[in-house]
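So for the sequence shown, UniProt numbering puts the first residue at 1; every next one is plus one.
Glycine included, C-beta positions come from ideal geometry on N, C-alpha and C.
Let me begin by presenting the structure, written as structure tokens, before commenting on it.
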Amino acid sequence: MGRDNPKEGIVRFYLALLALLATAILISAAWLAPVKADASGQAVKLPETHFASTQSRHGFNAPPGFADAVPARNKAHPQAKAVGQQVCTACHSKENDNFAHTAHAAGMQVALAANPNTATCEACHGPGSVHAANPTQKGSIIAYTHDGGTPVSNQTESCLGCHSGGPRDAWLGSVHQRNDLSCSDCHNPMVKFSAEGLTAKQSVSETCATCHKDIRQQFNRRSHMPLPEGAISCVDCHNPHGTLNPTLLKTDTVNETCYQCHAEKRGPFLFEHAPVRESCLNCHQVHGSNQHALLVAPIPMLCQQCHSHTRHPNDLQTETSLGNGLTADERLMGRGCITCHAQVHGSNHPSGPRLHK
Ligand code: HEC
Ligand code: HEC
Ligand code: HEC
Ligand code: HEC
Ligand code: HEC
Ligand code: HEC
Ligand code: HEC
Ligand code: HEC
Ligand code: HEC
Ligand code: HEC
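Okay, here's the thing in structure tokens:
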């Protein structure tokens, strides 16, 4: 037996293989771990939780847990001490009743049971000793209103203590942050108004409409995507927490946004129509239009905005060109230009360079 045992050789071989595999996994894990450059240009590792894989319906990341949470920092009263939620609820039992139905309350109570020093109310509102002693003193507690005495930056920092990164990577400098919005302009964590997202109104779109009434109203026009019907919402296309593009789109370009749901318009096409590739907004309005199919102008005028210099496309269309007119014109009959140029988004037919088929 011993050294010539073929079985022992195999075992040793597999052990060596396993060791190799383990090293390989460790090395690749180190490479794949989320890494970001800090101000000094040095690579710093971010906590895993910023890139948690659990995705909500709208593709935002899941935040870190409640375990061992600490009180938020109230910059107006750095010396204040934590008092614990029983002290808060003694005076705020009504608010606590509402709060008890929220995602935060559920998680926080579990964490509190595991560790009695875990912050709950104070994880958001900051340590309460100064406030409990003198409740009417402005700024004694982190208040989430624009006149409660707590600067908006202090309010948002409290939430970002648990919710930074991921979808909120670009919060700082975003159009909403620059316009002094607080998280609580869109979220009310004290009450469960919405099925998810703890929004300040019952739905995402209503929440946005508290300020963007004009945009919400465009969705009431004759042609619109099914947002009033509840099938899509503002956050399917926008990330209200900030993005790297000016109009808070979740994707780099307008067209990428549209392709998410209208993938067939991405192509590739044998014969492209240049304005489609450039931007869908050359012909479509996003939030609603009184023309057919969200168009910015009726056909044939839509097409004639660009096709005005050669042969039939640029013919002036007047009343007499209508179907019942003296010189009825096929470009005003049926579907106008697209009766013949049906593949206006691009054609895959070998004989479709004029977008006919
Ligand atoms: C002794 C009773 C008492 C205790 C204890 C107490 N509060 Fe209050 N709290 C009040 C009163 C009264 C007000 C209203 C003050 C006012 O209207 O000026 C208030 C207001 C608030 C507000 C709104 C502040 C604003 O300006 O909008 C918040 C938030 C708050 N309390 C949170 C807490 C938290 C969190 C705790 C526990 C750490 C706590 N309170 C403990 C009595 C109390
Ligand atoms: C996840 C963060 C968070 C936690 C945890 C939290 N609050 Fe609040 N609280 C808020 C925000 C945000 C507001 C502002 C809500 C709004 O826009 O009206 C608020 C508002 C309040 C107010 C002012 C009155 C009101 O309802 O608007 C009181 C009082 C209050 N909270 C008490 C408490 C108490 C007591 C607890 C613990 C049982 C608690 N909060 C836990 C975030 C939190
Ligand atoms: C102590 C950490 C902590 C703090 C502070 C905190 N949160 Fe959260 N929050 C969480 C965790 C953990 C979850 C995930 C709960 C779940 O999915 O069950 C969560 C969930 C949420 C959700 C999603 C709820 C849902 O139903 O999908 C929103 C919105 C939210 N928080 C907003 C806020 C806002 C606004 C503040 C500041 C006023 C805040 N949070 C402060 C830990 C925190
Ligand atoms: C302009 C409105 C707006 C502002 C301001 C805003 N949010 Fe949100 N937030 C939303 C909407 C809308 C959703 C999506 C809700 C849904 O999916 O139903 C959301 C989702 C979330 C979620 C749950 C999903 C996720 O991303 O993990 C968290 C947590 C959250 N916001 C935290 C914050 C914090 C923290 C701030 C302040 C720094 C903030 N929000 C500011 C509108 C806003
Ligand atoms: C409390 C008010 C308020 C709420 C609520 C709000 N916004 Fe805004 N939003 C603003 C302000 C102020 C600006 C910057 C001024 C402007 O361009 O209108 C802005 C700008 C924007 C812009 C960029 C406009 C541009 O021209 O660049 C988009 C996109 C946007 N908001 C989307 C949303 C969405 C989506 C929601 C809901 C999740 C929302 N907003 C909720 C106040 C609000
Ligand atoms: C189907 C995707 C989609 C949906 C849904 C959507 N938007 Fe937009 N939104 C866009 C695109 C695309 C733009 C234009 C971006 C550009 O011009 O670069 C835009 C522009 C905006 C702007 C800035 C320009 C302007 O017209 O003032 C605001 C504000 C805005 N959207 C708010 C909202 C709000 C609020 C909702 C929900 C009621 C919403 N959007 C729903 C895609 C969408
Ligand atoms: C979140 C998914 C989603 C995104 C993103 C999206 N759409 Fe839509 N769109 C829809 C749905 C759903 C319909 C309705 C389809 C139906 O009724 O069969 C629709 C319908 C349309 C229609 C036909 C409207 C009509 O009245 O016939 C046009 C045009 C359109 N979308 C253009 C766009 C453009 C342009 C973009 C990018 C700015 C875009 N869509 C982004 C979901 C989306
Ligand atoms: C050159 C103008 C033009 C451009 C640019 C354009 N479209 Fe269209 N689109 C039209 C016309 C015209 C119709 C109506 C077609 C019909 O009624 O058959 C239409 C209809 C649609 C429809 C509804 C009918 C269908 O074909 O499903 C959708 C969805 C749509 N467009 C999406 C897009 C997207 C996404 C983009 C950008 C990639 C885009 N369009 C760019 C002219 C354009
Ligand atoms: C924003 C400007 C714009 C709009 C609006 C537009 N087009 Fe075009 N179209 C172009 C450009 C640019 C080309 C490429 C011309 C070239 O390659 O010489 C083109 C090419 C075409 C072609 C192929 C012709 C050729 O010479 O290869 C047809 C057919 C066409 N368009 C029809 C339409 C129709 C029908 C509409 C209205 C539904 C329309 N276009 C709207 C800009 C536009
Ligand atoms: C009855 C069918 C029909 C209608 C309606 C029609 N076209 Fe055409 N179009 C054609 C045919 C066929 C060609 C190809 C001519 C050729 O290749 O010589 C063409 C060619 C074109 C071209 C290529 C450049 C050129 O001048 O040859 C453009 C651009 C164009 N059409 C735009 C339009 C626009 C814009 C409208 C609406 C105002 C329109 N067409 C309406 C059938 C039609």
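In terms of alpha-carbon separation, which member of the options lies closest to residue i?
i: residue 223; options: 247, 292, 275, 202; result: 292
i: residue 347; options: 208, 336, 329, 277; result: 277
i: residue 199; options: 155, 273, 185; result: 185
i: residue 237; options: 298, 228, 249; result: 249
i: residue 299; options: 336, 323, 219, 322; result: 336
i: residue 349; options: 321, 271, 320; result: 271
i: residue 124; options: 130, 134, 154; result: 154
i: residue 82; options: 72, 171, 99; result: 72
i: residue 176; options: 247, 205, 217, 128; result: 247
i: residue 245; options: 145, 94, 170; result: 170
i: residue 91; options: 203, 134, 119, 65; result: 134
i: residue 240; options: 344, 183, 95; result: 183
i: residue 207; options: 145, 220, 187, 221; result: 187
i: residue 103; options: 196, 357, 297, 93; result: 196
i: residue 115; options: 216, 88, 84; result: 84
i: residue 179; options: 211, 159, 162, 220; result: 211
i: residue 257; options: 275, 281, 273; result: 281
i: residue 275; options: 318, 307, 220; result: 307
i: residue 162; options: 205, 132, 283, 65; result: 65
Is it buried or exposed, residue i, if we count other Cβ atoms within 10 angstroms and call 16 or more buried?
i: residue 69; result: buried
i: residue 67; result: exposed
i: residue 360; result: Only positions 1 to 357 of the chain appear in this structure, which leaves residue 360 out of reach.
i: residue 167; result: buried
i: residue 227; result: buried
i: residue 121; result: buried
i: residue 130; result: buried
i: residue 358; result: Past the edges of the chain, shown from 1 to 357, lies residue 358, and the structure says nothing about it.
i: residue 173; result: exposed
i: residue 127; result: buried
i: residue 261; result: exposed
i: residue 158; result: buried
i: residue 355; result: buried
i: residue 294; result: buried
i: residue 39; result: Its pLDDT being 38, under 50, residue 39 is placed unreliably in this model, and the coordinates cannot settle the point.
i: residue 234; result: buried
i: residue 113; result: exposed
Going by the C-beta, is residue i closer than 7 Å to any heavy atom of ligand 6?
i: residue 297; result: no
i: residue 212; result: yes
i: residue 142; result: no
Would the C-beta of residue i count as close to ligand 9, meaning under 7 Å from any of its heavy atoms?
i: residue 337; result: yes
i: residue 350; result: no
Ligand 10 and residue i: does any heavy atom of the ligand fall closer than 7 Å to the residue's C-beta?
i: residue 304; result: yes
i: residue 330; result: yes
i: residue 354; result: yes
Using 7 Å as the cut-off, classify the Cβ of residue i as near or not near the heavy atoms of ligand 7, replying yes or no.
i: residue 236; result: yes
i: residue 108; result: no
i: residue 260; result: yes
i: residue 231; result: yes
When you measure from the CB of residue i to every non-hydrogen atom of ligand 4, does any distance come out below 7 Å?
i: residue 207; result: yes
i: residue 359; result: Not covered by the structure: residue 359. The range shown for the chain is 1 to 357.
i: residue 197; result: yes
At a threshold of 7 Å, does residue i count as lining ligand 3 (C-beta to nearest heavy atom)?
i: residue 151; result: no
Shorter than 7 Å, the distance from the beta carbon of residue i to the closest heavy atom of ligand 8, or not?
i: residue 275; result: yes
Should residue i be listed as close to ligand 5, given that the test is whether its C-beta is under 7 Å from any heavy atom?
i: residue 175; result: yes
i: residue 185; result: yes
Is residue i a contact residue of ligand 1, with contact defined as CB to any heavy atom under 7 Å?
i: residue 94; result: no
Requested in this report: Would you check if the segment 72-80 and the segment 134-144 touch, i.e. whether three or more CB-CB distances between them fall below 8 Å?
Outcome: yes
Query raised in the report: Hey, is the segment 188-205 in contact with the segment 266-274, meaning 3+ C-beta pairs nearer than 8 Å?
Result: no
Report task. Counting only runs of 3+ residues fully inside the UniProt domain "Doubled CXXCH motif" (273-311), write out the beta strand (DSSP E) ranges in chain order. Result -> none
Report task. Say whether the segment 300-315 touches the segment 324-342, bearing in mind that this needs 3 or more beta-carbon pairs closer than 8 Å, one atom from each stretch. Result -> yes
Query raised in the report: Can you list, in chain order, the stretches of the alpha helix (DSSP H) that have 4 or more residues and sit fully within the UniProt domain "Doubled CXXCH motif" (224-266)?
Result: 234-237, 254-259
Report task. Would you check if the segment 142-156 and the segment 95-110 touch, i.e. whether three or more CB-CB distances between them fall below 8 Å? Result -> no
Query raised in the report: At which residue ranges does the segment 78-133 contain complete alpha helix (DSSP H) runs of 4 or more residues, listed in the order of the chain?
Result: 85-91, 93-99, 103-114, 121-125, 129-133
Report task. Note down, one range per segment and in chain order, each alpha helix (DSSP H) of at least 4 residues found wholly within the segment 139-183. Result -> 152-163, 175-178
Query raised in the report: Whole beta strand (DSSP E) runs in the segment 315-347 with 3 or more residues, listed along the chain?
Result: none
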